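Accompanying notes for the structure given below.
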Amino acid sequence: MLAVLPALLLLLLLSSRPACGVFQKLYCSFSDSCDCDFKPSIRDLEWDLYKNVFGQHLAQDLVSEEVSSFLLNKNPDRPLVLSFHGSSGTGKTLVSTMLGNHLYGSAMSSPFVHQFVPTLHFPSAELVAQYREELKSWVKGNLTACARSVFIFDEMEKMPAGLIDVLEPFLGPSHVVFRTNYRKAIYVFISTAGQEAIHRLVLENRLAGRDRDEIKPSDLQEVVQQSVYSNKTSGLYLSSIIQQNLITRFVPFLPLTRTHVERCVRAQLCQRGSCNRDDVVEAVGGDMTYDPAEGHYFSTTGCKTVAGKISFFL
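Read in order, the letters of the sequence shown are residues -21 to -1, 1 to 293 in mature numbering (1 follows the signal peptide of the UniProt record, and there is no 0).
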């Protein structure tokens, strides 16, 4: 009987339009073939990362490996939790958008990809208790509707202290959400917290004459974790999520050099049909601010201001 139940539910879904929403949710809860419009394309995600994310070999490798491994596991014991860290303009938000694009084909416009911005959704520190209840209810409701929900928390450095820990029960192996496999969800935290530790290691590596690509994930995992955990403005300050080891990977985004910035410029020029404007590439690269002052090694804003500067120099 159980073997034919998904098929019967699918027939009801197709033949009864008024009951479509109810039966779709029920069918999704029994069948891996539905997963609420979930259409992952790992190969396209990997290609997009390597083609359009510059200077981030660690992020490219870690995101590709973790997402691929997670999706190949038909019965994961816990959700995938990625925490992106690095300075402004290094590609953190871009990569989270790519995840949405290649999991649902529509990024933030998908009803199953949910983005939270503290200054918009949790603006008042005095209302943390209320926000905790609302966030818990929101996550639980969306997991019940779709086990493959993606939750993206941007600007974690602006998150009110203690708020994000309300997610702890959803991130481990013990919590149960009625009628859904909550362990199929993906969570992404995005933050500038930890950027100083990342910047320091990359600078030391450069001054020692080592190639940037020689930096390994193990060189930064513990450094970033400790920096984020002890940073009072990280949003994960003294967080039980870190204490309980519920973050699958801390993903460091390295500071960008002028070469990387100019690759960003070239890519955006090509999107505008002006690939051959070497003069604009040179002008934008030279107009950026770099630090430290004595070496001019890393762009202070990454690729964040590239679009506006291109328009100015075109």
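Where a beta carbon is used, it is the ideal one built from N, C-alpha and C, also for glycine. As the structure is a computational prediction, the values presented were derived from the model and not from experiment.
Inset, instruction - Output yes or no for whether 8 Å exceeds the beta carbon distance between residue 126 and residue 164. - result: yes
Legend entry - Length of the line joining the Cα atoms of residue 264 and residue 97: 32 Å
Legend entry - Alpha-carbon spacing of residue 178 relative to residue 168, whole angstroms: 19 Å
Legend entry - With 16 other Cβ atoms within 10 Å as the buried cut-off, status of residue 275: It counts as exposed.
Inset, instruction - Check whether the region 252 to 263 touches the region 279 to 292, taking contact to mean three or more Cβ pairs, one atom from each stretch, closer than 8 Å. - result: yes
Inset, instruction - Use the C-beta contact count for residue 69: other C-beta atoms within 10 angstroms, 16 or more gives buried, fewer gives exposed. - result: buried
Inset, instruction - Can you tell me which of the three DSSP states residue 223 falls into? - result: coil
Inset, instruction - Tell me whether residue 212 is buried or exposed, calling it buried when 16 or more other Cβ atoms sit within 10 Å of its Cβ. - result: exposed
Legend entry - Buried versus exposed call for residue 108 [16 or more other C-beta atoms within 10 Å across all chains shown]: exposed
Legend entry - Nearest residue (CA-CA) to residue 47, options 253, 78 and 65: 78
Inset, instruction - Kindly provide the ranges of any beta strand (DSSP E) runs that are 3 or more residues long and lie completely inside the region 51 to 123, ordered along the chain. - result: The region 51 to 123 contains these whole beta strand (DSSP E) runs: 59 to 65 and 92 to 95.
Legend entry - Counterpart residues of residue 230 in DSSP-defined beta bridges: As computed with DSSP, residue 230 is found in a beta bridge with 63.
Legend entry - Beta-carbon proximity check, residue 234 vs residue 181, cutoff 8 Å: yes
Legend entry - Cβ-based burial, residue 189 [other Cβ within 10 Å; buried from 16]: Per the 10 Å Cβ criterion, exposed.
Inset, instruction - Within the same chain, show all residues whose beta-carbon is closer than 8 Å to that of residue 73, passing over the 5 residues directly before and after it, in chain order. - result: The beta carbon of residue 73 sits closer than 8 Å to the beta carbons of 31 and 32 from its chain, once the five residues preceding and following it are set aside; these are given in chain order.
Legend entry - Opening and closing residue of the beta strand (DSSP E) in which residue 167 lies: Residue 167 -> beta strand (DSSP E) spans 165 to 170.
Inset, instruction - Output yes or no for whether 8 Å exceeds the beta carbon distance between residue 269 and residue 279. - result: Result yes, Cβ atoms of residue 269 and residue 279 sit closer than 8 Å.
Legend entry - Length of the line joining the Cα atoms of residue 152 and residue 59: 11 Å
Legend entry - Residue interval of the alpha helix (DSSP H) (run including residue 259): 257 to 266
Legend entry - Residues near residue 110 in its chain [Cβ-Cβ closer than 6 Å; skip 5 each side]: Excluding the 5 residues flanking it on each side, residue 110 has same chain C-beta neighbours closer than 6 Å at 101 and 142, in chain order.
Legend entry - residue 65 and residue 231 closer than 8 Å at C-beta: yes
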